[in-house]
Structure formats: structure tokens, C-alpha cells
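Asks: Below you'll find the structure I mean.
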Amino acid sequence: MLVREWRIFGLEVACSDDDGSLAISPPLLAALARRLAVPADEISPSDVTLVRRSLDARPRRPRRAAPPPPPAVRWSYVVDVTLAREVARRLRPQPGRQLPAARERARDSSVRRGGGEARRVVVVGAGPCGLFAALELARAGHRVTLCERGKPVEERGKSIGALIKRGEVDPESNFCYGEGGAGTWSDGKLTTRIGRNSAEVRHVLETLVRFGAPARILVDGAPHLGTDNLVRLLKAFRRELQSLGACLRWDARVERLLVADGRVRGVALASGESVGADAVLVAAGHSARELYAELLRCGATLVPKDFAVGFRVEHPQQSINEAQYGELAALCLARGQGPLPPAAYRLATTVADGRDVARRAARGVYSFCMCPGGQIVPTALDAAHLCINGMSYSNRGSRWANSAVVVSVGASFGDTEGVSLERVGGHAELAGLAFQEAMEERAAAMGGGKVVCPVQRVSDFLEGRLSEGVLPESSYRIGVVSAPLHELYPEPLTHALREGLRKFAASMPGFDSEEALLHGVETRTSSPVQVARDNVTLEATTLRGLYPAGEGAGYAGGIVSAAVDGVRVARAVVDAMSKLDSSEPSVA
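Its first residue numbered 10, the sequence shown is counted upward by one per residue in the numbering used here.
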């Protein structure tokens, strides 16, 4: 059978010829016509569907030895096109260039209802994982209680305002806790390593659009929402859950799991109230540290895993634009409104562990959660600990660019050996948490308390000296103070971060300029433990009725992957509830 619908990859349009819209433009049609070797007037815009659009600023590689070429900034498109028979007849599949377009079946975003009665399910945590899990369960007809220790997004905004303006930390309502989780006040990135074309990722993105996200996230190569869009979206998400009968409980910190006969039967809240359940899905995020000890107490298995720590580095956004776009940086107009978006970067390298040359252990050093046109914010839960993150609004319009620069740490490198376990109840499995907290205490002390951030020029960090004189301006609004960040982490980590920064500066001139400012510390890039669960049922391996999910359980990293894991685990719960013996009544 003749295939007339084809997916065409890698159509390039110079940024100077692209107006930044998602329309099927004449330059895009011309690029498609060249690829197909047909006159441009033989292709109608109505026959073309935009699938993906991404910015490519990688330099063209010169032949042999030659000076580095200037950035060749262009938009790269993937499109589906319906072709005339004579054109389609001569095409042959070439992966990465052209393939028959897959016919997408209509997606049913609802969950198939399992057999039997509606069961009571408690979901712990209202981040992306918990929200999507609650939505799937409620659509399946189960009685869902969503317990969130923080506040709804409107009230949470007031708590964050008090933190930013006056340095007042509310331990239960902050940048980590509350409706939407830690991702609400972030850059709102929707990138994921799962695969943009997977049905689960598409389901998550389409759900976000239905709740108010801009439709361009379905085609942007590096989609992001921004805090302002996330706040509006969360309100719509909440209304949908309530319309399905879900009970949303705010200021409801889960203090204990209720276990009987080796099975979780509900949760006990800090208020003293108990909530019964046939299953408990824990999607608490990786900052709910006291919950890990409770999981261990109840018999769940926790396995240490590697994670990453480091700093946030901040540059003037204009300097990143110039490094990435060259002469075209002028197309990035003020407040993110130009035809080119504020430039981003992603850097990674490996560094030999200076502590063990004979073994030649290598650590990854990489940028993480880069925020163009963003700001640095505190994610501390109390004044005695300091950690930070980056955030931005949808227009990415600030004067600064920031990114975490982190190094791999963990048990496999021996970093947690000798760490005091007193702060984590003596649990060896939680040594990574103890390490994180110790670094956050050091950072708070270096800042002098009151959530003031210790900073150091990149150039001074590389040379091991305190930054003196007038510091570069920072987006961190509570205040900064010069501090010897080169003394904060153990020497093997400092050595790796220095070597990584030197390599980044070699590949991206200006990365170590006098305007580049390190802020301490970034410690919560991912969970340092994983809660063991069955690969098929997704139930905890050693505690029936418990379903660990999302970032805090060690199965996700970022908004989309956390949401996808919430969907997967919720559907596993639906299957499990349908198989419960009908003689076993639902928890009242």
C-alpha cells in the first residue's frame, strides 16, 4: 500500500528567517520542498502538521584544524506531510531523515475502571506525581484523599512573599511544600529523558494544556511553563479533582503510616487525625525527609543511591546570549520578547577523582536545571539550613541566567562514609540525607543566618581565595555575602567542581568571567535513596498496600517524569484494587 503521510526530520530554517511563531511559514515550506526535491508551490500549508520545533545553536564542525566557527543558530523542525502520489512513491524510509508517519490513535485520557467497589486511596503529596496520581484514581471511581502538608497555591504565595521580603521561613509553606510541590516556583521545565513521543508523556502534556498550559508545549523542543502559568494551571487542576469527588486536605502532614498485619491501612496526620485507606500512594517529594525514617520504621526497604550536589552559578543573561548566539544575540530583545529566546546551555564532563588516582574513579560534573532569564531562590525549610534553586516566569525576562553546577556524590564514591547518622535516627540507609543536611548547615553558617546566601566569584573559587571588593549583582533578593565556598564541600568534591568549571570555561568563553558568581548550595537535585518497589505491581517490596512514587521515592526527576510515574503507579493501584477479594470490605 502506498504511504502518503510521511514524517520529515531535521528541516532547518535560519533564525533570521523565522518569526518565532508556530505557523507553517514560507521558509519552512521552502526547506521541506528542498528536502523532497519538488517546487515549493506544490506543497500546501494545509498538508503540513508541525510535530516538533527546537533551537539549535551548536557550531558547525570545521574540517580538520581550523578556528572554531561562529554559532550557526537555526530552528530545526519535524513535520508530518501528506504527499502527492508521485512524490510519495519515490520516498524510502531513512531513520533520522524521513519515515512513514505513525497514525496516532485517539487517546482515552481516562483510566479503565477496575471491577469491584470503589476503594479508599490516600495520596501523600500534591506535587506533579501526587496530583496526576490522584486524577487517575478519581477518574477510575475510587475515593481519593490527597494529603498535602503545605497550603493551596494562593496562600502558599503569601508565605513565599514573606520569605523573599523578610527572610521568614514557614517550615510547612515554602518553595518546597504546598500545592504543586517544588516545581511550582521553578522554571517549569517540561523536558524529560523518557521520550517526548511516548504515550504517557503525551498524555501528561495534553492534560496540562487542557488545564490552561500554552499549546506550544506540545511542539516546543524544550518546553517550559514558568511560575505564572503553573499557578493558574494548578487552580484548574484542583477544580477538576474536586469535581470528581476527591478530598483535598491542606496543612495535613502525614506523620505515621498505619500498619496492621503487614499491610498499610492508612495514615496518621500531625493533627492527630487518622485517615483509613485500602492503599497509600506516597508521592511526598525528596524534601519530606522525616518520612523516610517512618518508611523504614514500618518495614519498607530503602536503598541508598548516588545523587549530586554543588552550587548555582549566575551570569548576566546577555553574556550567555552572546556566547551562544554570537552576533545574533541582538535578536534577544529585552524581557524575553525577541525572535530568539534567552539563550540556555547544557554542559557536562567527567573528572577523575583526585582522591583515588589508582582506581581512576570518575565523577560526573554537569549543569542542571538551567534557568534563562531567571532568578535564584531559597528552598530552605528553616533558618539553620540553606539550599537554593532557580526559577523563572514564562517570559524568562530577568537580566540573569542561572544554573546548578553539580558533581556526582554518594555511597559508590565513599562520600557518605563517616557522616554522622545522629540527625537521621542512626539509619545507615539515610547517610545521603545526613550528608545533604550537613552541607546545608555549613552554607547557612557561611551566610550568617537569616537565609542570606554565601557567594564567591567563579574565578576566586578556582584559585581558592575569598572574593573581595564589590561583588557582581545577584538575583537572590534576600541578600548575599562573600564566603569561602571552596571550603564548604569535602576536598574531592571541590576538586571535581573546579576541574569541571575549568572545562566549561574552555568550551564556553566567559563562563569563568568576573561577573560569574557562585551561590551556595544546591543539594537537592534528586533523592539520595530509592524506596524499593516491585517492577510489575509497583507496590513496595516489603510492605503491602504501600505504593512509592515520584522523585522522593527515587523514580523520577522533574515535573514530567514525576507526573508520568504518578500515572503509572495510580494505574497499578487501580489494577490492585480490582483484584482485592470482594469479601474484604473497603476501609470506611
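Each residue gets a CB set at the ideal place from its N, CA and C atoms; glycine is no exception.
From I654 to Y354, what does the alpha carbon distance come to, in whole angstroms?
Replies: Here the chain comprises residues numbered 10 to 597, so residue 654 is not present and cannot be evaluated.
Asks: Buried or exposed: which applies to V263, given that a residue is buried once 16 or more other Cβ atoms fall within 10 Å of its Cβ?
Replies: Result: buried.
Asks: Could you tell me whether any Cβ in chain C is nearer than 9 Å to the Cβ of V273?
Replies: Included in the structure is just one protein chain, with no chain C present.
Asks: How should R577 be labelled, buried or exposed, when 16 other C-beta atoms within 10 angstroms of its C-beta is the threshold for buried?
Replies: Looking at its Cβ environment, which holds 16 or more other Cβ atoms inside 10 Å, R577 is buried.
Asks: From the DSSP output, which residues share a beta bridge with I17?
Replies: Answer by DSSP bridge pairing, in chain order: V88 and Q107.
Asks: So, helix, strand or coil for V540, using DSSP?
Replies: In the structure shown, V540 sits in a strand (DSSP, three-state: E or B).
Asks: Provide the residue span of the beta strand (DSSP E) that contains P223, from first to last.
Replies: No beta strand (DSSP E) holds P223; DSSP gives it neither H nor E.
Asks: At 4 residues or longer, and completely inside the stretch 154-237: list those alpha helix (DSSP H) runs for me, N to C.
Replies: Here the runs fully enclosed are 162-175 and 208-219.
Asks: If we count Cβ pairs, one from each stretch, closer than 8 Å, do we get three or more for the stretch 299-314 versus the stretch 34-48?
Replies: Because the criterion of three Cβ pairs below 8 Å is not met, the stretch 299-314 and the stretch 34-48 do not touch.
Asks: Report the partner residues of R265 according to the DSSP bridge assignment.
Replies: For R265, which the question treats as bridged, DSSP gives the partners A277.
Asks: Cβ atoms of A40 and E9: under 9 Å apart, would you say?
Replies: Within the shown structure, residues of the chain are numbered from 10 to 597, placing residue 9 beyond reach of any answer.
Asks: Please classify R101 as buried or exposed, where buried requires at least 16 neighbouring CB atoms within 10 angstroms.
Replies: When all chains shown are included, R101 counts as exposed.
Asks: With burial defined as no fewer than 16 other Cβ atoms inside 10 Å of the residue's Cβ, what is the status of K160: buried or exposed?
Replies: By the 10 Å Cβ count, K160 comes out buried.
Asks: May I ask you to report which of helix, strand or coil DSSP gives R129?
Replies: Looking at R129 - three-state DSSP - the assignment turns out to be strand.
Asks: Can you give me the C-alpha to C-alpha distance between V583 and F141, rounded to a whole angstrom?
Replies: Approximately 14 Å between the Cα atoms of the pair.
Asks: Whole angstroms is fine: what's the gap from G599's alpha carbon to E560's?
Replies: Summary: the structure shown does not reach residue 599, with the chain confined to residues 10 through 597, and so no result is reported for it.
Asks: Looking only at its own chain, which residues have a Cβ that is under 7 Å from the Cβ of D26, when we skip the five neighbours before and after it?
Replies: Once the five neighbours on either side are set aside, the close Cβ partners of D26 are P36.
Asks: Please report the straight-line C-alpha distance between W84 and L337, rounded to a whole angstrom.
Replies: When rounded, the distance between both Cα atoms is 13 Å.
Asks: Under a three-way DSSP split, which group does N330 fall into?
Replies: In this structure, N330 counts as helix in the three-state DSSP scheme.
Asks: Could you spell out where the beta strand (DSSP E) holding S661 opens and where it closes?
Replies: Here the chain comprises residues numbered 10 to 597, so residue 661 is not present and cannot be evaluated.
Asks: Sort G187, G478, S401 and R247 by Cα distance to S484 and report the nearest one.
Replies: Among G187, G478, S401 and R247, the Cα nearest to that of S484 is on S401.
Asks: Quick check on the DSSP output: the alpha helix (DSSP H) that includes Y498 runs from which residue to which?
Replies: Neither: Y498 is in no alpha helix (DSSP H) and is coded neither H nor E.
Asks: Suppose contacts are defined by Cβ-Cβ distances below 9 Å. Is L497 in contact with P463 by that definition?
Replies: In contact: L497 and P463 (Cβ atoms closer than 9 Å).
Asks: Express the C-alpha separation of A208 and M455 in angstroms, rounding to a whole number.
Replies: For M455 and A208, the distance between alpha carbons rounds to 47 Å.
Asks: Out of curiosity, what's the CA-to-CA distance linking G254 and L146?
Replies: Rounded to the nearest angstrom, the two C-alpha atoms are 11 Å apart.
Asks: Per DSSP, what kind of secondary structure is A49 in: helix, strand or coil?
Replies: Three-state result, A49: helix.
Asks: Going by CA-CA distance only, name the one from E299, P348, A371 and P350 that's closest to T358.
Replies: It is A371.
Asks: Check the C-beta distance from C138 over to A558 and give it rounded, since I have them as a contact under 8 Å.
Replies: 5 Å between Cβ atoms; contact.
Asks: Grab me the residues of L493's own chain with a C-beta within less than 6 Å of its C-beta, minus the 5 sequence neighbours each way, in chain order.
Replies: What sits at residue 493 in the sequence shown is Pro, not Leu. Counting only Cβ-Cβ distances below 6 Å, and skipping sequence neighbours, we find L475.
Asks: Can you tell me which of C380, T534 and R321 puts its alpha carbon nearest to the alpha carbon of L510?
Replies: It is R321 whose Cα lies nearest to the Cα of L510.
Asks: Taking the straight line between their C-alpha atoms, what separation do you get for E531 and S283?
Replies: Going by the C-alpha atoms only, they are around 36 Å apart.
Asks: Identify whether A549 lies in helix, strand or coil by the three-state DSSP scheme.
Replies: Of the three classes helix, strand and coil, the one that applies to A549 here is strand, per DSSP.
Asks: Could you check whether A579 and G434 sit closer than 9 Å to each other, using their CB atoms as the reference points?
Replies: No, these two residues do not count as a Cβ contact at 9 Å.
Asks: What is the residue span of the alpha helix (DSSP H) that Y301 lies within?
Replies: Its alpha helix (DSSP H) spans residues E299 to C307.
Asks: Going by alpha carbons, who is nearest to L64 out of R94, I568, S30 and S53?
Replies: L64 has its Cα closest to that of S30, out of R94, I568, S30 and S53.
Asks: Provide the residue(s) that pair with R152 in DSSP beta bridges, ordered along the chain.
Replies: In DSSP, R152 forms a bridge with R129.
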